[in-house]
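In terms of our numbering, the sequence shown is numbered consecutively and its last residue is 331.
Glycine included, C-beta positions come from ideal geometry on N, C-alpha and C.
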Amino acid sequence: MSATDEAISTQDLIARRSRLLGPAYRLFYDQPVQFVRGEGVWLYDAAGHRYLDAYNNVASVGHCHPHVVQAIARQAAVLNTHTRYLHETVLDFAEKLLATFPPQIGHVMFTCTGSEANDLALRVARTCTGGTGFIVTANAYHGVTSALAELSPSLGLPLPEGSHGHVSDALEDMRKSGIRPAAILVDTIFSSDGVFADPPGFLRPAVEAVRKEGALFIADEVQPGFGRSGGKMWGFARHGIVPDIVTMGKPMGNGHPVAGLAARPELLAEFGARSRYFNTFGGNPVSAAAGIAVLEVIESEGLIENARPPAPISPIRCGNCRRAIP
Ligand SMILES: Cc1ncc(COP(=O)(O)O)c(C=O)c1O
């Protein structure tokens with residue numbers, strides 16, 4: 006394909022997309038790219054150019070990883086139903102996933118997207134605390150449902166009146182307004198706030214303050230989970246706190262829509278006593294097979310260890326005076 010043909014075809018696709026999908030969708034880059042194939046860390050456009058995918062937050066074990074592709078294809082060729090039927094694969098997935106959490110986290114519920122997982126977490130928090138107030142970070146993004154859009158300042162929607170800069174102010178404000186706090190909802194690597202990892206444990210005082218008021222800690226692991234923040238499976242681990250609810254998505258199926266939440270059993274006991282839960286596609290056998298395969302690749306290829314942040318380099322010291330040499 007010549008450079009001119011390529012430009013025309015890109016313009017045609019942009020026009021077609023806008024005609025069919027409308028104006029709410031956004032494309033990446035001033036010169037949008039059309040990828041036609043992916044393999045490992047590489048993406049290929051229609052003209053055969055190869056791009057290193059240093060951005061990706063979904064296909065985290067590599068594009069079209071053969072182990073994941075085969076697991077999806079194998080299960081899709083046999084059966085795909087839903088969680089109203091007994092099926093071992095979803096239980097194998099639940100078991101394998103729960104083994105990655107601290108022992109206090111004992112149940113998992115499956116959804117198709119991170120938004121659904123967060124929305125369900127809000128429902129659980131409201132049911133279990135009787136509260137309605139949620140605390141989020143200044144530029145948070147937690148999903149597309151109307152409840153979550155209101156808790157996602159990064160979308161640019163107007164913030165509710167009385168929004169505050171500090172957790173203690175927010176709690177005080179809720180107290181004055183007669184609002185019972187339900188939870189603090191935090192992306193544990195603060196990806197839309199600018200990525201904040203250090204110092205480890207800095208999230209702890211905020212969580213302790215919220216818990217003192219009877220509210221929960223929901224760790225949004227949609228971005229940092231599955232080893233993506235380096236050295237640990239989950240972003241909350243660097244803060245030394247066990248969440249009440251953990252939500253997950255993006256890398257969970259390496260591109261296949263797999264998401265969910267994991268929680269303390271006593272919370273889901275309360276929620277389950279008052280509500281039923283069913284999600285048509287969430288936890289189906291093909292998605293479960295994809296999820297198992299992702300966990301197997303993370304394990305077999307040592308990906309968490311591979312993403313461990315380097316240890317700080319100790320300074321070189323003078324042999325005589327032991328002073329650090331700049
Ligand atoms: C931190 C965080 N939470 C939740 C979501 C929502 O996930 P989904 O797009 O799968 O609904 C996203 C998506 O970008 C996210 O980054």
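When only Cα atoms are considered, Leu-162 and Ser-151 end up about 11 angstroms apart.
Beyond the five residues adjoining it in sequence on each side, Ala-188 comes within less than 6 angstroms, by CB distance, of Ala-130, Phe-139, Ala-220, Leu-221, Ile-223 in the same chain, given in chain order. With a cut-off of 7 angstroms, the C-beta of Asp-192 is classified as near ligand 1, since at least one heavy atom of the ligand falls inside that distance. Using a C-beta cut-off of 8 angstroms, the stretch 226 to 242 makes no contact with the stretch 93 to 100, since fewer than three inter-stretch Cβ pairs fall below that distance. Beta-carbon to beta-carbon, Val-212 and Pro-186 are separated by about 12 angstroms, too far to satisfy the 8 angstroms threshold.
Gln-39 and Ala-99 have their alpha carbons spaced roughly 36 angstroms apart. Under the three-state reduction of DSSP, Val-129 is assigned to helix.
In its chain, beyond the 5 residues on either side, Arg-209, Val-212 have a beta carbon closer than 6 angstroms to the beta carbon of Ile-246.
Between Gly-235 and Ala-316, the CB-CB gap reaches or exceeds 8 angstroms. By DSSP's assignment, Glu-218 forms no beta bridge with any residue. Boundaries of the alpha helix (DSSP H) around Leu-273: 270 to 279.
Relative to Asp-192, the option among Glu-218, Asp-178, Asp-174, Asn-144 whose CA is nearest is Asn-144.
Between Tyr-56 and Phe-33, the alpha-carbon positions lie close to 14 angstroms from each other. Around the beta carbon of Cys-326, a 10 Å sphere encloses fewer than 16 other beta carbons of the protein chains shown; the residue is thus reported as exposed.
Counting along the chain, the unbroken alpha helix (DSSP H) around Ile-303 starts and ends at 290 to 305.
Note: Gly-45 is bridge-paired with His-68 in the DSSP secondary-structure output. In this structure, the straight-line span from the alpha carbon of Ala-51 to that of Val-41 is close to 6 angstroms.
Of the heavy atoms belonging to ligand 1, at least one sits nearer than 7 angstroms to the Cβ of His-147. Selection Gly-43, Gly-296, Asp-35 evaluated against Leu-103 yields Gly-296 as nearest (Cα-Cα). Counting of Cβ neighbours within 10 angstroms places Cys-323 among the exposed residues, the total staying below 16. Residue pairing from DSSP places Ala-264 in a beta bridge opposite Thr-116. If you draw a 10 Å sphere on the C-beta of Tyr-146, you find 16 or more other C-beta atoms in it, and that means buried. Shown here, Ile-189 sits in a strand according to DSSP, grouped into three states.
Here the C-alpha atom of Thr-142 lies approximately 29 angstroms from the C-alpha atom of Val-66.
In this structure, Val-74 keeps its C-beta atom at 8 angstroms or more from the C-beta atom of Ala-267.
Per DSSP, the beta-bridge partners of Tyr-56 are Leu-48. A straight-line Cα-Cα distance of about 48 angstroms links Tyr-282 and Ile-13. Between Gly-258 and Pro-205, the alpha-carbon positions lie close to 28 angstroms from each other.
About 5 angstroms separates the beta carbons of Cys-133 and Leu-272, which is inside the 8 angstroms limit, making them a contact pair. Exclusion of the five residues before and after Thr-88 leaves Val-95, Phe-115, Phe-283, Asn-284, Gly-287, Gly-288, Asn-289 as the residues of its chain whose Cβ lies within less than 8 angstroms of its Cβ.
Closest by C-alpha distance to Phe-195, out of Ser-159, Ser-182, Asp-58, Ile-184, is Ser-159. Between Gly-119 and Val-251, the beta carbon gap of about 12 angstroms keeps them out of contact (Cβ cut-off 8 angstroms).
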